[in-house]
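The sequence shown begins at 13 in my numbering and counts up by one.
Only one structure is covered here, and it is reproduced in the block below.
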Amino acid sequence: MASSAEINVTGESSKVKPFLAVVDPSGRRQMVRISKSPFQIGRLAECELSLRDSRISRNHAQVVAEDEQYFLEDCNSRHGIFLNGKKVTRNVLAPNDRIDFGIEDSYHLIFTYESGETDRLLAQLDAVPSSHATGNLAKLRAVLEVARALESSLSLEDVLGAVVDAALVVTGAERGFLLLHSTEGSELEMRVARDRHGRPLDESDLRVPRGVIQRALHQRRDLLSMSFDPAQIDTEKSIADLELRSVVCVPLVRIRIGHTHDTSQLSTRNDTLGVLYMDSRLSAADLSAGNRELLQSLAMETSTVLENARLMSEEREKRRMEQELSIAREIQRYLLPAKLPEEGWFRAAGSSQACFQVGGDYYDVMELGDSLWGAVLADVSGKGVSAALLTSLLQGAFFATAGSQSPLSEIMARVNKYVCERSQTRNYATVFYCMVDRQGAVQWINAGHCPPLVVRASGQVDLLPASACPVGLFHGVPFAQQEARLGPGDKVVIYSDGVTEAENAAGKQFGDERLLDLVTRNTSADAVGIHKIIIDEVAAFTAGAPQSDDVTLVVLEFRG
């Protein structure tokens with residue numbers, strides 16, 4: 013560990029100097045170089061970083077340099093030290109880590125490294141006596157602070173605060189407010205409010221009604237200097253009546269890739285993200301040509317930051333949704349039968365390929381007793397999450413009926429009632445449900461589903477057409493039970509419409525006739541063989557075309 017002296021760590025850290033961005037409760041920032049190890053932080057004047065907040069401990073924390081890294085250590089503080097929202101006693105620091113003191117409305121720190129030319133220029137400005145740092149130097153410092161906030165990847169609130177501070181310095185206005193359109197509507201919401209000294213302001217300090225600002229924002233082209241129609245102000249007061257000598261508004265134009273924007277050319281609500289509003293009671297704002305350009309540049313940088321923040325938020329939400337859908341897909345996969353019967357008098361093969369991350373098709377093959385097997389295939393209307401939710405309901409309903417000695421018609425009626433009562437969507441499901449016993453007797457119900465193909469060992473192919481309406485469509489409808497008989501070697505091909513309606517690159521569908529011809533030419537194949545032949549043919553037919561629907565196929569085989 014280095015002693016209490018100037019840090020001189022070999023390697024990269026000796027070339028790139030560490031800093032703490034100190035953000036006070038008002039949002040104003042100051043960059044402080046970490047020049048010693050340990051670098052003490054607390055409210056004592058002797059600390060390298062002394063913070064004026066009685067709730068912060070005298071020696072609250074310290075930054076220590078070790079082995080070309082920097083560590084944050086808690087010094088037995090009363091409220092603890094927090095790194096990126098997590099309480100720590102000792103933790104390595106990484107660029108853009110946020111440090112809090114366990115109390116609200118206090119300072120927070122951002123650990124960062126010197127960001128290059130910007131920091132060098134600011135360091136030179138720091139050498140200028142404060143009494144001389146006025147006029148153009150003050151404006152330069154303000155703009156550089158915004159640049160450093162952008163380079164350092166500080167929080168969005170920190171960057172917006174830096175923009176307001178810079179705008180106040182540039183114009184000489186007394187108060188600044190940053191208002192953004194709400195995400196749910198066109199109302200303007202306050203994001204930053206402070207005076208030229210960095211003191212926070214209350215929303216009520218904005219004396220001009222927001223609705224007036226919003227109407228002016230939509231109607232005017234040059235918004236840098238504004239006056240308002242007295243009729244628009246509820247109190248019927250003019251700018252003079254509000255005791256405001258000048259008002260400056262700078263629109264924040266929505267940035268679109270491949271387009272350039274001028275803040276003086278606005279048309280609709282969709283063109284703007286919000287407005288940077290400033291006013292003064294004692295002095296007029298300085299809107300000379302150079303200052304107008306600076307304000308417009310600040311507005312464009314702010315719009316860029318806001319747009320980037322929106323895109324990052326959308327990307328995070330997209331990743332979160334993709335992760336959740338991936339989990340849901342895994343759950344769906346595990347709910348499908350893990351193993352199908354491959355030996356004995358009854359055999360089966362099946363698969364389901366979802367069009368999206370979660371599917372709306374469902375199948376199961378269940379042993380209902382020593383001499384009885386059941387099979388179900390359901391195809392929920394629609395696609396995506398809503399279809400997947402109804403699929404889960406159907407899985408639960410059919411699982412609950414497994415082993416039931418009730419007739420199929422009663423089972424389907426209960427499933428229909430269950431789905432109708434619990435489904436909050438307008439989706440429904442076509443279902444084929446059957447039971448096969450040891451003698452080859454088949455009881456089945458086709459609730460609006462594609463007609464399964466009974467492939468006889470003799471080469472004949474029969475259909476099992478729809479005998480009832482889809483499940484979840486109407487309450488109290490009957491489900492007529494049908495019967496058939498299988499001989500040794502006979503197979504039942506059950507499929508979803510994703511098989512027959514699969515499209516190739518030319519938009520042509522696989523079709524019922526192609527499927528019928530395929531099974532007719534392969535009647536001697538077993539369940540596994542026919543399943544593979546159909547799946548391979550559909551894949552070859554649709555090669556190069558995106559999958560447009562869930563593809564589910566189950567083949568049952570009675571061996572006798």
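Just so it is clear, CB atoms sit at the ideal spot from N, CA and C, and this is done for glycine as well.
Note that this is a predicted model, so its numbers are computed, not measured.
- Judged by beta-carbon spacing, Ser-364 lies within the 9 Å limit of Tyr-375, meaning their Cβ atoms are closer than that value.
- Leaving aside the five residues that flank Arg-450 on each side, the residues in its chain whose CB is nearer than 7 Å to its CB run, in chain order, Trp-357, Ser-383.
- Distance between Phe-123 and Ser-315, taken at the CA atoms: about 25 Å.
- In this structure, Val-467 places its C-beta atom within 9 Å of the C-beta atom of Asp-502.
- The alpha carbon of Asp-214 has as its nearest neighbour, out of Pro-221, Ala-205, Asn-534, Val-489, the alpha carbon of Ala-205.
- In the structure shown, Gly-556 falls within a coil segment according to DSSP collapsed to helix, strand and coil.
- Annotated as distal: Ile-542 and Phe-444, with beta-carbon spacing of 9 Å or more.
- When Cβ pairs closer than 8 Å are counted between the two stretches, the stretch 82-94 is seen not to touch the stretch 34-45, the count staying below three.
- Excluding the 5 residues flanking it on each side, Ile-457 has same chain C-beta neighbours closer than 8 Å at Leu-420, Ser-421, Met-424, Val-443, Phe-444, Tyr-445, Cys-446, Ser-479, Ala-480, Phe-491, Ala-492, Gln-493, Gln-494, in chain order.
- Out of Glu-58, Ser-66, Arg-102, Gly-54, the CA that lies nearest to the CA of Ala-77 is found in Arg-102.
- When DSSP states are grouped into helix, strand and coil, Ser-421 belongs to the helix group.
- Residue pairing for Glu-201: DSSP places it in a beta bridge opposite Leu-192.
- Taking the C-beta atoms as reference points, Pro-30 is found nearer than 9 Å to Val-75.
- In this structure, the alpha-carbon of Ala-366 lies about 4 Å from that of Asp-562.
- Leaving aside the five residues that flank Gly-173 on each side, the residues in its chain whose CB is nearer than 6 Å to its CB run, in chain order, Gly-39, Val-204.
- Bridge pairing for Thr-124: Phe-31 [DSSP].
- Runs of alpha helix (DSSP H) with 4 or more residues, each lying fully within the stretch 400-483, are found at 420-434, listed in chain order.
- When C-alpha distances from Ile-46 are compared across Arg-55, Val-34, Leu-56, the shortest belongs to Val-34.
- When the five nearest sequence neighbours on each side are left out, the beta carbons in the same chain lying within less than 6 Å of the beta carbon of Tyr-440 are those of Ser-393, Pro-482, Gly-484, Leu-485, in order along the chain.
- C-alpha of Glu-80 to C-alpha of Ser-62: approximately 25 Å in a straight line.
- By DSSP's assignment, Lys-99 forms a beta bridge with Phe-94.
- Annotation for Val-566: the continuous beta strand (DSSP E) segment containing it runs 563-570.
- Note on geometry: alpha-carbon atoms of Asp-509 and Cys-462 lie some 7 Å from one another.
- Residue state for Asp-36 is assigned as coil, using DSSP reduced to three classes.
- In this chain, Ala-106 is not harboured by any beta strand (DSSP E), its DSSP state being neither H nor E.
- By the CB criterion at 9 Å, Leu-527 and Ala-387 fall outside the cutoff.
- For the 9 Å CB-CB criterion, Leu-307 and Val-182 form a contact.
- Comparing C-alpha distances from Trp-385 to each of Met-290, Val-397, Ala-453, Ala-340 shows the shortest one belongs to Ala-453.
- Counting along the chain, Arg-41 sits inside the beta strand (DSSP E) bounded by residues 41-45.
- Residue range 373-381 is occupied by the beta strand (DSSP E) that includes Val-377.
- Apart from sequence neighbours up to five positions away, the residues of its chain that approach Val-431 with a beta-carbon distance below 6 Å are Leu-405, Val-483, Gly-484, ordered along the chain.
- Within 10 angstroms of the beta-carbon of Ser-435 lie 16 or more other beta-carbons, which makes it buried.
- Collapsing the DSSP output to three states places Glu-515 in a strand.
- Judged by their CB atoms, Thr-554 and Ala-514 are nearer to each other than the 9 Å cut-off.
- Pairing Leu-192 with Leu-318 gives a Cβ-Cβ distance under 9 Å.
- The alpha-carbon separation between Gly-519 and Thr-512 amounts to approximately 13 Å.
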